[in-house]
Structure formats: C-alpha cells, structure tokens
Amino acid sequence: MSDLMSQNYIRISATTLTPPSTRRHEDQVAKLIDTSRCIGCKACQSACMEWNNLRPEMGRFEGSYDNPSDLSPSVWTLMRFSEVEDEKGKLEWLIRKDGCMHCEDPGCLKACPAPGAIVQYANGIVDFISENCIGCGYCVKGCPFDIPRISKADHKSYKCTLCSDRVAVGLEPACVKACPTGAIMFGAKTDMQDWAGERIEDLKSRGFENAGLYDPPGVSGTHVMYVLHHADQPSKYAGLPDRPRISPTVRLWKSVVKPLSVLGIGLAVLAGFFHWIVAGPNEVQHEDETNADELIKAKEKAT
Amino acid sequence: MTRPRGTLIRHSTVTRINHWITALCFVLLVLSGLSMFHPMLFFLSQLFGDGQWTRAAHPWIGTVLFISYVGLVVQSWRENLWTRDDFAWMMAIDRVIANKEEGVPEVGRFNAGQKFVFWSMTLLVPVLFSTGLVIWEVYMGSVTSIPTQRMAVLIHSLAAIAAILVWITHVYAAIWIRGSVRAMTQGYVTPGWAWRHHRKWFRRLVQAGSRGPTVETRHETR
C-alpha cells in the first residue's frame, strides 16, 4: 500500500525530513477491545489469518488455551488466557486479544534505522513497509508491548497492520468483522472512547468498580484500546504493561546519543584538519638524521 | 620488500598484515555501523548492496575484527605497558601537539598517545563484540531479554562512537607524524625518524646492534 498512501504518512522512520503535512483532516481511528464481552472463541485469530493469508506452523500443546503459544511473524493477533484469583479467592478467567497497540508515539518507529520501514498514517495506524525493512530487530527493542517479530525466512519484521489495506477503502479490520459478540469494535477514536464510557458505566453498575479504559498516556494513547474490568491492574491480563512508555534506554540512545555522536565525530575531524593547517605535519629534520648517524658511528667505534 | 640501507624495521610483516586486516574490518564496520546509526548516513548501506546486506554483513566483519585484534594484542601488549615515563610525556603533550619537541621526554617503541590508542581499543573491541553478539538478531535475537538488548544496543553505540573518535585520533596522528604510514605499509623508518620520535627505542636498537623492531629480533644481514 505504501506508494498509494504516501501523502497520508504523518511519521516516517529514520528520516530527518518533515513528512507530508498537508492532509490534516483525517479522523483518528481506533479499535476497541472489550475484554468483558470476549468469549475467547478465537474467531478474530482465524479472520486475521484468513484476510492476511497467514498460516503459522503447527505448534505443540503448552498446557494453556493460548494457541499458538506466542505471536510470530505469521501470528499477528493472539488470544491470551489468564486464570487469576481476586482478593476473595474467586477465580477469574481473563481473556485478552494481544497484538499491536498502534501507539500514538510508536517506540518501534523511534528505534527503526531504515528510512520508511515504519510509518504512521494520519488516521493513527502504525504500519511496517516490508520493502524497506532491513531486519535489524531495533523495533523489537523499541516496542513497549513486545509485539514485532522478525522472520527467520526473509529477515523482515511483522505485526498487525490494523488491516490498513481494508481501512483505506472504508472497511473495518478483519478481526472486528469476525467477532461474534461485539467485543471488538472499530471506528473514530472519539466514538470508541464514548462507547467505552457506556460499557464502563455498565460494568461499574455490575460491581466492577475499577472498570476503565486502557489508552495509556505514556505512549500518548493508543489506536487499539481495551475496556478492562480491572483497569487498576492491567498486568492481570497476561502481563499487559501497567504504565507502558518508550524505554528511557531507547530514548537516550535515539534522542541524545545519536545526534551528539554525529556532531562529535564531525568536530573530531575538523579538529584534525585545523591542527594540520595550524601546526602542520611533523617532519624529520636534517639534524635528526645527523644526530642518529653520530650515535650509530659512536657505537661502531666503541665495538 | 626492498628497503634503503641503514633503515630500521618498525613493524614486522606479520604485524603489518594483522594491522591492515584489522584496519579494513574497522573501516567497513564504521561505514556499515554508521549507516544504521543515523538516517543521514543510511546511504552508506548502498556500499554493501542494500540495508539487508549491511545488516547481515556487519556482525561477521565484527567477528573477523575481534579475532584479528586479539592477534595485535598478543603481539604488542608488552610494549604498551604503561610506565612512569609515560606520565612525564603526557605532561608535555602541549609541546608535542605544537610540534615543539625539544625537552619532551624521550620515548621507547610506543609513546603514551599510542599506548592510549592501544588500550582504548583493547577495552572497546571486546565491549563492542560482546554487546554486538547480544543484538545479533539472526542468531541471538531470542537468547536475551528485551531490556538486556536495549542496554546492549545503547552500550554498543556509545562504545562505537568512542572507538571512532580514537580511530580518528590514530589516523590523524599517522598523517601528522610524517613517515608513520610508511612504517606500517613498507615497515621501515629512517634512523632520523627513530631519533626524532622514539629516541629511547633507537638508543636500545643501536646498543644491541639490532635493526628492529625489537632488540631481540635477529636479522640475517645488517
């Protein structure tokens, strides 16, 4: 899709240029995943495989309902099942559809060294442009959610595209289309926030006083949001980060070390050049050869 | 190699081959590494084919450099040991930089600046190699945790920048001190060069009647 949508890029990896900025009127989109309505049927997983033509290799039973056991280059979304006991000892079966969160401030894009390999469209979707990907794995280090996976076959990074190809022509993502309970919704981000508000109110009335929306401010919000019954403890849901943000290590590397280093290297070269034109080369003088000869002759005379 | 009569051997053939393998690897690593470091330098990846080739080649070149550098350490660590004289030389560094070397303490085979380059690289090369292994996505991608890899990539870039700065110093010094490049290409220096820059080394060679590079070296003809 890359070339057809290049004017829709608002962020481009590894570029010092301003991305196209004329188109500013597009609605921000979001996918809302309501964990309280999910029944764990995995229709979303099947739909994702079907639309994107993905077929992961047959795995092994790992003693859990998670199947396959993890995201991979050909598994872009995955139901994660958690059995947790609340304070009263009541068992809860929490199911979360894992996948790219499409951060407003994407760590993968910040870390990526390949120009145009990761882009963000004006509607908020973060997409990997495979032809530009060099397979370095920096996006894996940049991501606060442990999402991208590098293929061993073609050395390119893969993750959920939020069905950017479908969304571009006015369709909803495949997982949304397939969900039988309405646990996955898609639309303008503001609409999804409103809808989430209604759901949270309903959950609170049913005793989930900590119900809330997961739209983490640490990454300036996400374009995939969750309604959680326990929004105070996101990590209960198969380790969903409580306060995700781009790691300070990644920020230091990309925002401080990178520009300062290029400056430092340039200054070092300049320092050498100016030393050359001020002090000049250090050349052996005639008297050095004479002194050396005298020393050698003195030694020969002594022996 | 034909060398003028009366000249001294500064670096043996083995050392020179070893040095230039290391140097070639280092230049290739700087070019490929910088292309993945700053967007403005991504064009350097074209020298290796494209970004994928650059990413694939960089760790292998690094492995060759590491092995090659170990060879240099084995050959020259002893003559790079820090001595009290090196402090005195460092104190007079301003005179050295200004090309006014009268009164600067005499130096042996290597001066304090050369020793600094040697020990900096001896520290940085293993740091770069080990952190590079951690972030070698193809083989080591899932061996360590993501926070470890984040730290490794940060240390790798800091160490790389330090190594590049040391390397710029090294290359400039070779250009600045005339006769040094020939010492590492053809391997010889004139007695006057040795007198001017490494007088203590020169005195020892004359005393021992050796043509260099060390007093122990035995030559067929003299």
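Note that the protein sequences, when read in sequence, are chains A and B.
Heads up: take any position in the first sequence, counting from 1, add 56, and you land on my numbering.
Heads up: take any position in the second sequence, counting from 1, add 134, and you land on my numbering.
From the three backbone atoms N, C-alpha and C, an ideal C-beta is built for every residue, glycine too.
* Residues in the segment 308 to 323 of chain A having any Cβ partner in chain B nearer than 7 Å -> 308, 309, 313, 314, 317, 318, 320, 321
* Which residues does DSSP pair with residue 153 (chain A) in a beta bridge? -> The residue labelled residue 153 (chain A) in the question sits at position 97 within the first sequence. A:135, per the DSSP bridge assignment.
* Beta carbon of residue 256 (chain B) nearer than 8 Å to that of residue 208 (chain B) -> For this step, residue 256 (chain B) is matched to residue 122 along the second sequence. For this step, residue 208 (chain B) is matched to residue 74 along the second sequence. Their beta carbons are not under 8 Å apart, which means residue 256 (chain B) does not touch residue 208 (chain B) by this criterion.
* For residue 146 (chain B) and chain A, any beta-carbon pair shorter than 8 Å? -> For the purposes of this step, residue 146 (chain B) is taken as residue 12 along the second sequence, with counting starting at 1. No, because no Cβ of chain A sits closer than 8 Å to the Cβ of residue 146 (chain B).
* Asked: If we count Cβ pairs, one from each stretch, closer than 8 Å, do we get three or more for the segment 109 to 127 of chain A versus the segment 240 to 259 of chain A?
  -> no
* **chain A contact for residue 295 (chain B) (CB, 8 Å cutoff)** => Along the second sequence, one-based indexing puts residue 295 (chain B) at 161. Yes, contact with chain A.
* **chain A contacts made by the segment 265 to 294 of chain B, where a contact means CB separation under 8 Å** => 269, 271, 272, 275, 280, 281, 283, 284, 285, 287, 288, 291, 292
* Does residue 209 (chain A) have its Cβ less than 8 Å from a Cβ in chain B? -> Here residue 209 (chain A) refers to the residue found at position 153 of the first sequence. No, residue 209 (chain A) lies away from the interface with chain B (no Cβ there is under 8 Å from its Cβ).
* Endpoints, beta strand (DSSP E) assigned at residue 241 (chain A) -> Stepping through the first sequence from its first residue, residue 241 (chain A) is reached at position 185. Residues 240 to 244.
* Asked: What separation, rounded to the nearest whole angstrom, lies between the Cα atoms of residue 332 (chain B) and residue 165 (chain A)?
  -> For the purposes of this step, residue 332 (chain B) is identified with residue 198 of the second sequence, where counting begins at 1. For the purposes of this step, residue 165 (chain A) is identified with residue 109 of the first sequence, where counting begins at 1. Distance between the alpha carbons of residue 332 (chain B) and residue 165 (chain A): 52 Å.
* Which whole runs of the beta strand (DSSP E) in the segment 205 to 286 of chain A are 3 residues long or more, in chain order? -> 240 to 244, 268 to 270, 280 to 284
* Contact between the segment 281 to 288 of chain B and the segment 229 to 237 of chain B (3+ Cβ pairs under 8 Å) -> no
* Asked: By Cβ distance below 6 Å, which residues in the same chain neighbour residue 328 (chain A) in space, the five residues on each side in sequence not counted?
  -> The residue you call residue 328 (chain A) lines up with position 272 of the first sequence. Nothing meets the Cβ criterion.
* In whole angstroms, what is the alpha-carbon distance linking residue 140 (chain B) and residue 325 (chain B)? -> Locating residue 140 (chain B) in the second sequence gives position 6, counting from the first residue. Locating residue 325 (chain B) in the second sequence gives position 191, counting from the first residue. Each residue's alpha carbon lies about 7 Å from the other.
* Would you report the Cα separation of residue 214 (chain A) and residue 304 (chain A), rounded to the nearest angstrom? -> One-based indexing of the first sequence puts residue 214 (chain A) at position 158. One-based indexing of the first sequence puts residue 304 (chain A) at position 248. Near 24 Å, if we compare the C-alpha coordinates of residue 304 (chain A) and residue 214 (chain A).
* Verify the CB distance criterion: does residue 57 (chain A) have a CB-CB separation below 8 Å to chain B? => Residue mapping note: residue 57 (chain A) aligns to position 1 of the first sequence, counting from 1. Note that residue 57 (chain A) scores a pLDDT of 45, beneath 50, so its modelled location is shaky; the value from the coordinates is reported in the next line. Not an interface residue.
* Given a limit of 7 Å on CB to CB distance, which residues of the segment 100 to 117 of chain A reach chain B? -> none
* Ignore the nearest five residues each way along the sequence and tell me which others in residue 232 (chain A)'s own chain have a CB closer than 6 Å to its CB. => For the purposes of this step, residue 232 (chain A) is taken as residue 176 along the first sequence, with counting starting at 1. Excluding sequence neighbours, residue 232 (chain A) sits near 240, 242.
* Asked: Hey, is residue 351 (chain A)'s beta-carbon within less than 8 Å of any beta-carbon in chain B?
  -> Numbered from 1 along the first sequence, position 295 holds the residue referred to as residue 351 (chain A). Closer than 8 Å to some Cβ of chain B, the Cβ of residue 351 (chain A) qualifies, so yes.
* **residue 133 (chain A) and residue 163 (chain A) closer than 8 Å at C-beta** => Taking the first residue of the first sequence as 1, we reach residue 133 (chain A) at position 77. Taking the first residue of the first sequence as 1, we reach residue 163 (chain A) at position 107. Going by C-beta atoms, residue 133 (chain A) is not nearer than 8 Å to residue 163 (chain A).
* What in chain A is Cβ-close to residue 319 (chain B), meaning under 7 Å? -> As a working note, residue 319 (chain B) is residue 185 in the second sequence. Per Cβ cutoff of 7 Å: no residues; residue 319 (chain B) is ~17 Å from chain A at best.
* So which residues on chain B does residue 378 (chain A) lean against when the C-beta distance must stay under 9 Å? -> Residue 378 (chain A) is absent from the structure shown; chain A starts at 57 and stops at 359.
* To do: Report the residues of the segment 177 to 201 of chain A with a CB closer than 9 Å to any CB of chain B, ordered along the chain.
  => 188, 189, 190, 191, 192, 193, 194, 196, 197, 198, 199
* Can you tell me whether DSSP reads residue 341 (chain B) as helix, strand or coil? -> If you number the second sequence from 1, residue 341 (chain B) lands on position 207. Looking at residue 341 (chain B) - three-state DSSP - the assignment turns out to be helix.
* Asked: Short check: CB of residue 163 (chain B) to CB of residue 169 (chain B), under 8 Å?
  -> If you number the second sequence from 1, residue 163 (chain B) lands on position 29. If you number the second sequence from 1, residue 169 (chain B) lands on position 35. Cβ atoms of residue 163 (chain B) and residue 169 (chain B): not closer than 8 Å.
* Asked: Do we get a CB-CB distance below 8 Å when we pair residue 233 (chain A) with the residues of chain B?
  -> Position 177 of the first sequence, counted from the start, is the residue given in the question as residue 233 (chain A). It does not; no Cβ of chain B falls within 8 Å.
* **chain A contact residues for residue 306 (chain B), given Cβ-Cβ distances below 7 Å** => Residue 306 (chain B) sits at position 172 when you count from the first residue of the second sequence. Result: 328.
* **Cutoff 8 Å; reference residue 254 (chain B); Cβ partners in own chain excluding five residues on either side** => Position 120 of the second sequence, counting from 1, holds the residue named residue 254 (chain B). Excluding sequence neighbours, residue 254 (chain B) sits near 296, 297, 300.
* Using a C-beta cutoff of 8 Å, does residue 74 (chain A) count as contacting chain B? -> Walking along the first sequence from the start, residue 74 (chain A) turns up at place 18. So no, residue 74 (chain A) is outside the interface.
* Given a limit of 9 Å on CB to CB distance, which residues of the segment 164 to 178 of chain B reach chain A? -> 168, 169, 170, 171, 172, 173, 174, 175, 176
* Asked: In whole angstroms, what is the alpha-carbon distance linking residue 355 (chain B) and residue 225 (chain B)?
  -> As a first step, residue 355 (chain B) is located in the second sequence; it is residue number 221 there, counting from the start. As a first step, residue 225 (chain B) is located in the second sequence; it is residue number 91 there, counting from the start. Summary for residue 355 (chain B): the model assigns pLDDT 46, below 50, so the residue's position carries little reliability; its value from the coordinates is reported in the next sentence. Cα to Cα, the separation comes out at about 40 Å.
* Pair every Cβ in the segment 177 to 191 of chain A with every Cβ in the segment 209 to 226 of chain A, then say whether three or more of these pairs are closer than 8 Å. => yes
* Asked: Residue range of the alpha helix (DSSP H) that residue 67 (chain A) falls in?
  -> Your numbering for residue 67 (chain A) matches position 11 in the first sequence. That residue, residue 67 (chain A), is in no alpha helix (DSSP H); its beta strand (DSSP E) goes 65 to 68.
* Nearest to residue 90 (chain A) by alpha carbon, out of A:333, A:306, A:358, A:293? -> The residue you call residue 90 (chain A) lines up with position 34 of the first sequence. Taking only the C-alpha atoms, the option nearest residue 90 (chain A) is A:293.
* Go ahead and pull the three-state DSSP assignment for residue 176 (chain B). => Locating residue 176 (chain B) in the second sequence gives position 42, where the first residue counts as 1. If DSSP states are grouped into helix, strand and coil, residue 176 (chain B) belongs with the helices.
* To do: If I'm right that residue 135 (chain A) touches residue 126 (chain A) with Cβ under 8 Å, what's the distance once you round it to whole angstroms?
  => Mapped onto the first sequence, residue 135 (chain A) falls at position 79. Mapped onto the first sequence, residue 126 (chain A) falls at position 70. So it is not a contact: roughly 12 Å between Cβ atoms.
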